[in-house]
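Here the sequence shown stands for residues 3 to 363, numbered as in my numbering.
A quick write-up on the structure given underneath.
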Amino acid sequence: MSKIEPQPGILDIAPYVGGKSHIEGVSNVTKLSSNENPFGPSPAAQEAVKRTLHELHRYPATDHAALRAAIADVHDLKADRIICGVGSDEILHLLCQAYAGPGDEVIHTEHGFAIYRIGALGAGATPVEVRERERVTDVDAILEACTERTKLVFIANPNNPTGTMIGMAEVERLAEGLPEQALLVLDGAYAEYVEGYDGGARLVHVRDNVFVTRTFSKLYGLGGMRVGWGYGTPEVIDVLGRIRGPFNLSAPALAAAEAAIRDTAYVEKCRAENTRLRAWLSDALAEHGVPCDTSTANFVLARFGSQDEAEACDLFLQKQGLIVRRVTSYGLPHGLRITVGDEPSCRRVAHNIGLFKAGER
Ligand SMILES: *Cc1c(COP(=O)(O)O)cnc(C)c1O
Numbered sequence: 003m004s005k006i007e008p009q010p011g012i013l014d015i016a017p018y019v020g021g022k023s024h025i026e027g028v029s030n031v032t033k034l035s036s037n038e039n040p041f042g043p044s045p046a047a048q049e050a051v052k053r054t055l056h057e058l059h060r061y062p063a064t065d066h067a068a069l070r071a072a073i074a075d076v077h078d079l080k081a082d083r084i085i086c087g088v089g090s091d092e093i094l095h096l097l098c099q100a101y102a103g104p105g106d107e108v109i110h111t112e113h114g115f116a117i118y119r120i121g122a123l124g125a126g127a128t129p130v131e132v133r134e135r136e137r138v139t140d141v142d143a144i145l146e147a148c149t150e151r152t153k154l155v156f157i158a159n160p161n162n163p164t165g166t167m168i169g170m171a172e173v174e175r176l177a178e179g180l181p182e183q184a185l186l187v188l189d190g191a192y193a194e195y196v197e198g199y200d201g202g203a204r205l206v207h208v209r210d211n212v213f214v215t216r217t218f219s220k221l222y223g224l225g226g227m228r229v230g231w232g233y234g235t236p237e238v239i240d241v242l243g244r245i246r247g248p249f250n251l252s253a254p255a256l257a258a259a260e261a262a263i264r265d266t267a268y269v270e271k272c273r274a275e276n277t278r279l280r281a282w283l284s285d286a287l288a289e290h291g292v293p294c295d296t297s298t299a300n301f302v303l304a305r306f307g308s309q310d311e312a313e314a315c316d317l318f319l320q321k322q323g324l325i326v327r328r329v330t331s332y333g334l335p336h337g338l339r340i341t342v343g344d345e346p347s348c349r350r351v352a353h354n355i356g357l358f359k360a361g362e363r
């Protein structure tokens, strides 16, 4: 037996499995499995990346000042309370590394994002799963699960893969009720899809136990660039800044994100299309006898009668070149998560689910 062993917790991590992007033997696939923006990034972001190509020998900025200023401008936030990371995933990991260790508990919800558990275990802490109420975050259940060892509470609002969210009054009640050593992390990966919602940033200004994460991977169409950010109190921003890699974000990534966030007309257009097509898709699925919860994000969670039916439908869709996301590992074996694509993709997936349901009868 080798004496070279990883830290406790690491081997309890089930490696993350992303959304599929290929089907054996099928070309021309439509990928609706990773909640990507079907329209891609803003053309301004693409141009900004091109302008960095002759400077690739230079190290990027370590303080991310230009990007933080752009985020602060567009969202009316304080630039010195922003930290940028390699996707919001990096920020989630930094939070675990900084605030949770052996003996500490990290709360996440039943159908919450996989990274919360991975981050907690990676830091040697104990992940604590709290049940949801009909696929919605349950504030009372979270408060009941808190102990003197609770250090972090992660909720995604809107949540992935359920698409549901809780209102600000509930979020505030949660923040108010937490034990004093616990930090509430509001993962706002899908916040941009909710008109007039700031992801909870205003709460950061009035409470010292709230932290918000955001990403450029979803609405901004920059998943391949890996840029996310966090918004917190000066104390938390200082702590995370000490462990963040100084050159974590590449120059092309910084340039793309800055241009993308400033292109507010493009953002508006993508948000409006998502809202329209999401409603169309969930209505179409309901007509075929497949219900979805009301989604506030860029995907819907289609619910089937059984795990067998969900699996059979997934295989049927794959034969037609449509890739959606199985969510069994999120405790939702009857579900298929379907990203809201462009209009032809939405029509195609709804049509084929209709054929599947008709064939079943
Ligand atoms: C997609 C997603 C993220 C974002 O991940 P990045 O690392 O920013 O690409 C974070 N949280 C949730 C719930 C997500 O679905």
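Beta carbons: idealized from backbone N, C-alpha and C, even for Gly.
Residue 149 counts as exposed, since fewer than 16 other beta carbons sit within 10 angstroms of its beta carbon.
Sequence-distant partners of residue 255 (beyond 5 residues in either direction) whose C-beta falls short of 7 Å from its own C-beta, in its chain, are 227, 228, 229. Rounded to whole angstroms, residue 106 and residue 151 show a C-alpha spacing of 5 Å. Here residue 288 is not near residue 338, since their CB atoms are 7 Å or more apart. Out of 25, 85, 91, the CA that lies nearest to the CA of residue 18 is found in 91. In the three-state DSSP reduction, residue 244 falls in the helix class (H, G or I). The Cβ atoms of residue 86 and residue 97 do not sit closer than 7 Å to each other.
In the DSSP annotation of this structure, the continuous segment of the alpha helix (DSSP H) that includes residue 98 starts and ends at 89 to 101. In the displayed model, residue 304 falls within a strand according to three-state DSSP. Relative to the non-hydrogen atoms of ligand 1, the Cβ of residue 191 comes within a distance shorter than 6 Å of at least one. Residue 216: member of the beta strand (DSSP E) spanning 212 to 217, first to last residue.
Linking residue 232 to residue 201 through their CA atoms gives a straight-line distance of about 11 Å. Ranked by how close their Cα comes to the Cα of residue 308, the residues 319, 298, 292 have 292 in first place. When 187, 346, 260 are compared, the shortest CA-CA separation from residue 95 is found for 187.
The secondary-structure analysis by DSSP pairs residue 359 with nothing; it has no beta-bridge partner. At a cut-off of 6 Å, the beta-carbon of residue 295 does not count as near ligand 1: no heavy atom of the ligand is closer than that. Taken atom to atom, the span from the alpha-carbon of residue 259 to that of residue 47 is near 7 Å.
In this structure, the CA atom of residue 11 is about 10 Å from the CA atom of residue 103. Contact annotation: residue 302 and residue 331 have beta-carbon atoms that are not nearer than 7 Å. In the structure shown, residue 80 adopts coil according to DSSP, grouped into three states.
Looking at the backbone, the Cα of residue 251 and that of residue 65 are separated by about 10 Å.
Exclusion of residue 250 from the 6 Å shell around ligand 1 follows from its C-beta lying no nearer than that to any non-hydrogen atom of the ligand.
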